[in-house]
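Presented below is the structure to which this report refers.
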Amino acid sequence: MGNHYHLVLHARAANLSRLMHHLNGLHTQSKNRRHGVVVHLLQGRFKAILVDREVYLLTVCRYVKFNPVRAGMVEDASPWT
């Protein structure tokens, strides 16, 4: 996706906020270095949902997999999974 990304994570007792802060920082630094700029890429806090059933997990994984296809970014989601 051009302006956001999706992750499906299994977080045990880890601090999800700390993990996302670190991950977003690394992502921003990488993009800034690659393009020779210093900009903020992400706005606001991340959004998280609890997936507490296997059936819902399958639904979420399908959404994440096929979202770039629905957005017209790729024709086939297979290479990205």
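Just so we're aligned: 82 in the numbering used here is position 81 of the sequence shown, and the numbers increase by one with no gaps anywhere. Using N, Cα and C, we set each Cβ at its ideal position, and we do this for glycine too.
Would you identify the three-state DSSP class for residue i, choosing helix, strand or coil?
i: Q44; result: coil
i: R13; result: coil
i: G26; result: helix
i: H5; result: coil
i: L20; result: helix
Nearest by alpha-carbon distance to residue i: which of the options is it?
i: G26; options: A12, L42, H36 and N16; result: L42
i: R63; options: A78, L51 and I50; result: A78
i: L58; options: G37, K32, V40 and L10; result: L10
The alpha helix (DSSP H) with residue i in it runs from where to where?
i: E55; result: E55 to R71
Exercise. Counting pairs of beta carbons, one from the segment 57 to 73 and one from the segment 33 to 47, are three or more of them closer than 8 Å?
Worked result: no
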